[in-house]
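Visitor: After the structure tokens below, expect a handful of questions from me.
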Amino acid sequence: MFDRLFDGIDAFFRKVFQSKTHRMGQHFEEFVSGFLFPKKYYEILHQTPDSFANEERYIKSSDQPDYKFR
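Numbering (this note's numbering), first residue to last: 11 to 80.
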């Protein structure tokens with residue numbers, strides 16, 4: 011139970027102290043995946059992991075483009 015609480019606190023502080031450019035990038039990715047390529051017509055074949063996932067251990071697929079749609 012406490013693990014979930016600590017995960018929530020960690021996520022909150024990551025969001026609060028996130029840089030403006032990182033937030034802008036997230037908004038852009040949400041625009042691309044939600045508006046330009048809506049779920050109704052496209053499926054996401056690949057989505058690059060976020061930078062938080064790469065902090066622990068680098069994910070090689072992060073070298074690929076951010077999205078791949080079909």
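Even glycine gets a Cβ: it sits at the ideal position worked out from N, Cα and C.
Do the segment 12-22 and the segment 30-49 make contact, defined as three or more Cβ pairs closer than 8 angstroms?
Guide: With the cut-off at 8 angstroms, the segment 12-22 and the segment 30-49 do not touch.
Visitor: Which full runs of the beta strand (DSSP E) of 3+ residues lie inside the segment 27-54, going along the chain?
Guide: List check, beta strand (DSSP E) in window: nothing returned.
Visitor: If I'm right that I54 touches S43 with Cβ under 8 angstroms, what's the distance once you round it to whole angstroms?
Guide: On the sequence shown, position 44 is the one that residue 54 refers to. On the sequence shown, position 33 is the one that residue 43 refers to. Confirmed, Cβ separation roughly 7 angstroms.
Visitor: Which first and last residues belong to the beta strand (DSSP E) in which K78 is found?
Guide: The residue you call residue 78 lines up with position 68 of the sequence shown. Note, K78: beta strand (DSSP E), Y77 to F79.
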